[in-house]
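What follows is a short report on a single structure.
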Amino acid sequence: MKYKIRLANENDLSGLCDIRNNKDLFTNYLKQFAKKEVYLAIAEQDSIILGFGVLKLNGTMLPKLSDLYVKENYRRNGIGSDLIKYRENIAKSLSYSEIFVSVDPIENPKMIKLICKHGYEPISEPYLKKALFYNDNGTTYNKTYTRIDLKKLLK
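One point on numbering: in our numbering, the residue at position 22 of the sequence shown is 3, and numbering is uninterrupted.
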């Protein structure tokens, strides 16, 4: 399967919203990108966005992988792995020597498996966290969920 990974821009907003109906989230990411606080990477094929991932440079545990998502029909083709590597390379180019990720081990065991395959190791015990979540229709809700933090040394 041929696709390319690149940084998102304003022209990608509708394609990103086709994946996750949350214009406010993606608009905010693009604004943060303008300030170099996040990098929003996308995988695309023939101008269709197949997936995306965020590299956060603000907050705690920096840099941090966030929001990795690949459309269900395109999973198991290496897109998630390539989005991880792409964001790791950005972190390396910015002179970071380590990178972090927080994952829900209960609701997302596949992500734990994928991220560990890439050399990430747990640095915390599972803990509870509260956050605002987005429905597919753009509405929000509060949720308490489990997280575990992982880290990888960048070479």
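Where a beta carbon is used, it is the ideal one built from N, C-alpha and C, also for glycine.
Using only the alpha-carbon positions, how far apart do Lys(-17) and Lys66 sit? 16 angstroms
Which residue or residues does DSSP assign as beta-bridge partners of Asp130? Ser83
Please determine, among Ser62, Asp63, Leu135 and Pro107, the residue with the shortest C-alpha to C-alpha distance to Thr127. Pro107
I need the straight-line Cα distance from Phe7 to Phe114, nearest angstrom please. 14 angstroms
C-beta atoms of Val84 and Leu131 nearer than 8 angstroms: yes
Could you tell me how far apart the beta carbons of Leu(-12) and Lys17 are, in whole angstroms, since I believe they sit closer than 8 angstroms? Not a contact, Cβ separation roughly 11 angstroms.
For the ligand GDP, is there any heavy atom lying closer than 7 angstroms to the beta carbon of Asp(-1)? No copy of the ligand GDP appears in this structure; indeed no ligand is present at all.
In whole angstroms, give me the CA-to-CA distance for Gly(-4) and Ser76. 31 angstroms
Would you kindly work out how many angstroms separate the C-alpha atoms of Lys(-15) and Glu53, rounded to a whole number? 17 angstroms
DSSP-derived helix/strand/coil call for Thr125: strand
Is the Cβ-Cβ distance between Glu79 and Leu134 less than 8 angstroms? yes
Exposed or buried, which one is Ile60 when buried takes at least 16 other CB atoms within 10 Å? buried
Taking the alpha-carbon of His99 as reference, which of Phe33, Leu46, Ala22 and Val51 has the nearest alpha-carbon? For the options Phe33, Leu46, Ala22 and Val51, the alpha carbon positioned closest to that of His99 is the one of Leu46.
Could you tell me the alpha carbon to alpha carbon distance between Pro44 and Gly34, rounded to whole angstroms? 13 angstroms
Output needed for Ala72: all residues of its chain with C-beta closer than 7 angstroms, excluding positions within five of it in sequence on either side, in chain order. Here the set comprises Leu36, Pro44, Ile80 and Leu135.
DSSP three-state label for Ser74, please. helix
8 angstroms is my cut-off, CB to CB: does Ile30 come that close to chain B? In summary, chain B is missing from the structure at hand, where a single protein chain is found.
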